[in-house]
Amino acid sequence: MINKQLLRPESIVVIGGSNNTHKPGGAIVRNIVGGGYKGMLRIVNPKEDSIQGIKAYHDVKEIPKTDMAILVVAAKYCPDYVEYLASEKGVRAFIIISAGFSEETKEGALLEERIIETCQKYQAALIGPNCIGLLNAWHNSVFTKPIPKLSEKGADLISGSGATVVFILESAVSKGLPFNSVWSIGNGKLIGIEDVLQYMDETFDPKTSPKVKLLYIENISNPDKLLFHASSLIRKGCKIAAIKAGSSESGSRAASSHTGAIASSDSAVEALFRKAGIVRCFSREELTTLGCIFTTLGDKPFKLNNFAIVTHAGGPGVMLTDALSKGGFNVPKLEGDTCDELKSKLYPGAAVTNPIDILATGTPEHLGIAIDYCEKKFDNIDGIFVIFGSPGLVTLYEAYDVLHKKIEECSKPIFPILPSVHTAGPEVAEFLSRGHVNFSDEVTLATAMTQINKTPAPAAPEIELFGVNVPRIRDIISGIKDTGFICPDLVRQLLQCAGIPVVPELVSNDKEKLCSFAEQVGYPVVAKVVGPVHKSDVGGVALNIRSREHLLLEYERMMAIDGATAVMVQKMLSGTELFIGAKYEEKFGHVVLCGLGGIFVEVLRDVQSGLAPLTYNEAYSMIRSLRGYKIIKGTRGQKGINEQRYAEIIVRLSTLLRFATEIKEIDLNPLLADSDNVTAVDARIFVSK
């Protein structure tokens, strides 16, 4: 529960406030006072009469009724304080800085549970315990530094780790990134990251609410809630970037299938973020860089593809060009009369083909001219990078004043890269003070933009049901009694119910039936042992069988393999090998994976993940994010595969899983694809009853 007393308290009491600003109790008082808090600040300290010039109460019983309490005392005292303050002093919001709760011991967990029960009883908000606090324009209730620049249009930062908040702010402050609020949720049992997003979603005002959200997540306790509110905020115009730390390989049956070997809790996170439209990043620098990009764009969507680079240093321009090209962006060549005209206005030796290099001797006036040409005369440019550091030959105050004016005037977004944060510290600081941000490293900026470009819009909530026989799927699943890999015939039936094409096949331990089937579908055929899970590992696959005699020999050989119960004969197809798999992850649901198939899927691990049920847009995004996508499209004279059909099978499989949650693991490996068809030739399904 997030309430007014937490966000805009008229009165605050700090239990454990002190004069020692090197300790949390003193530092939090310093920050509240330094932040210009206009309400009534009260402090309880049994040993002091005055704390940083403010009267101190020796006993909590002496204070008047108060909106919010901040506890900076030993964990063992916190439950009693919370109970007394809530019942006797009307406190309806608590920030508990103290550690020593569920994050440490069982005894601490019991103390935390008492606090939660009290807060629930009195409908009080609770931030923490084990956090650095909450910071907004109303009150700076944190005990750490730095305190960032605050703005109603700044970013909202929500983190599950207090120390990480501090380090993120260190990175952000040096870039000039403004904040609207900073939430350190600590153990987050009553108010977690999902709850903060819910509040921001439900109270969102398109005219006044901040539209940039930055998240640092260590535990996703409610994926559905995170998905719902994050995607809702993004649809309303917000931009969200997040780090998810602490992902690890999971699954006790990791070797039971290709999917089991590849899928992990991190695959589930990747799938969730893709579905929600959250831009994923992996470092503090990347997170704050994304925040700066979003701030630069304002309300505009990220629809940038062609960039101009204005620089006075060749090397950074080349590195930025390389990084942009690697990320799929264009730095188009500029040529023609307009380029000649621009070149004539710069010093001899300047380059204008893009990057536009105005030389180390270039003046602030030259900088302005180059930006004006990119803004007004080069129609094929969507955005402008400006790299301008300190060569020791120009006055940077003047150059940055020009840059400031152009950012204010131009309709195309300008991304300033000012690398001289040490040699030109005062000049950069003044530029930032005028409401701008700075990207000190061009490659980090391009990498962050690539992450934005790879992130699809939030997926529609609809389930694609066309062509999927849900009642029949439920009948088949309900008829399965045991946990384990189901027989090939049931696998085939389930895939057919989902409208997924399967290769003609027969499973039997009768060699004459198998030979008759081979004659019927026509040679060549494929034979596979039934029984062992990993057929290739035991020599249980024979390809290109072209005669009855060859088939009989393979039958006898395979039936002698340990664990063999039958032999499967299939019509032999050719084409590009693809892979689709899925694994059920607790809390998240089914994570669907796709990629190039065959025995190399586990080695290359070139897979993309999505969260079932999937839409067609999600499926296409997964396919096109593969490193091997050029193979799917067709390369070196080879025809591409039927991408639409591949996407359709991914979507149909995800719908099957939505209505068959008993399926915990499924492998379609390989599917064989050509320009016309995509057909499953081998599949395994593990069901848990």
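According to our numbering, the residues represented by the sequence shown are 342 to 1030, in order. The beta-carbon is built from N, C-alpha and C at its ideal position, and this holds for glycine as well.
Taking 6 Å as the limit between beta carbons, can you name the residues of its chain near residue i, skipping five residues before and five after?
i     : result
S593  : Here S593 scores only 35 on pLDDT, less than 50, and its place in the model should not be relied on; the value that follows carries that caveat. So no residue of the chain qualifies.
N721  : N647, P673
A960  : A988, I991, V992
A478  : L491
T679  : K718
V932  : A604, S608, A609, A612, K924, E926, S950
G357  : G366, V413, V414
S1110 : The question about residue 1110 has no answer, for the chain in this structure spans 342 to 1030.
On the DSSP bridge assignment, give the partners of residue i in chain order.
i     : result
M381  : S352
I411  : V355, I436
R621  : A583
C935  : I921, Q949
A905  : DSSP lists no partner for A905.
N647  : N671
P757  : V727
D742  : In the DSSP output, where bridge partners are listed per residue, D742 has none listed.
D400  : None; D400 has no bridge partner.
G930  : E926
L1009 : I921, A1024
K912  : V866
I395  : I392
When DSSP labels each residue in this structure, what does residue i get in the three-state scheme?
i     : result
A368  : helix
N779  : coil
A1024 : strand
G766  : helix
F729  : coil
N563  : coil
I1004 : strand
D1015 : coil
P420  : helix
A701  : coil
I982  : coil
V374  : helix
A496  : strand
L556  : strand
S752  : coil
I1042 : For residue 1042 there is no data in the structure shown, the boundaries of the chain being 342 and 1030.
N958  : helix
K1030 : coil
Near residue i, what residues of its chain come up, given a Cβ to Cβ distance below 7 Å and the 5 sequence neighbours on each side ignored?
i    : result
P350 : G380, D408, M409, A434, H480
I827 : I821, I1026, V1028
L955 : V933, I991, V992, S995
I748 : I755, H777
E768 : L737, Y738, Y741
D713 : none
S685 : none
How about residue i: is its C-beta nearer than 8 Å to some C-beta of chain D?
i     : result
V1022 : Among the protein chains of the structure shown there is no chain D, as only one such chain exists.
Can you give me the Cβ contacts of residue i inside the same chain, cut-off strictly under 8 Å, excluding the 5 residues immediately before and after it?
i     : result
L475  : L347, I436, I468, S482, V483, S522, V523, W524, S525
D1015 : S915, G916, T917, K980, I982, N983
A765  : G730, S731, L737, L759
I902  : V870, G872, P873, V879, G880, G881
K644  : D723
I964  : C935, Q949, Y970, I973, E984, Y987, A988, I991
Quick one, are the C-beta atoms of residue i and residue j less than 8 Å apart?
i    : j    : result
V423 : T459 : yes
H332 : F729 : What is shown of the chain runs 342 to 1030, which leaves residue 332 out entirely.
V871 : V844 : no
E453 : G501 : no
S443 : N528 : yes
I411 : I473 : no
V866 : V910 : yes
A664 : I814 : no
I561 : L555 : no
K577 : F545 : yes
N794 : G669 : yes
F635 : V553 : yes
K852 : L893 : yes
G930 : A953 : yes
In the stretch 849-891, which residue ranges form an unbroken alpha helix (DSSP H) of at least 4 residues, counting only runs that do not cross its ends? 852-862
Note down, one range per segment and in chain order, each alpha helix (DSSP H) of at least 4 residues found wholly within the stretch 653-699. 655-667, 678-685
Entirely enclosed alpha helix (DSSP H) segments - the stretch 514-549, minimum 4 residues: 534-543
Contained beta strand (DSSP E) runs [length at least 3] in the stretch 450-494, N- to C-terminal order: 466-468, 474-477, 481-483
Let me know the alpha helix (DSSP H) ranges lying completely inside the stretch 819-851, each 4 residues or longer, listed in chain order. 829-838
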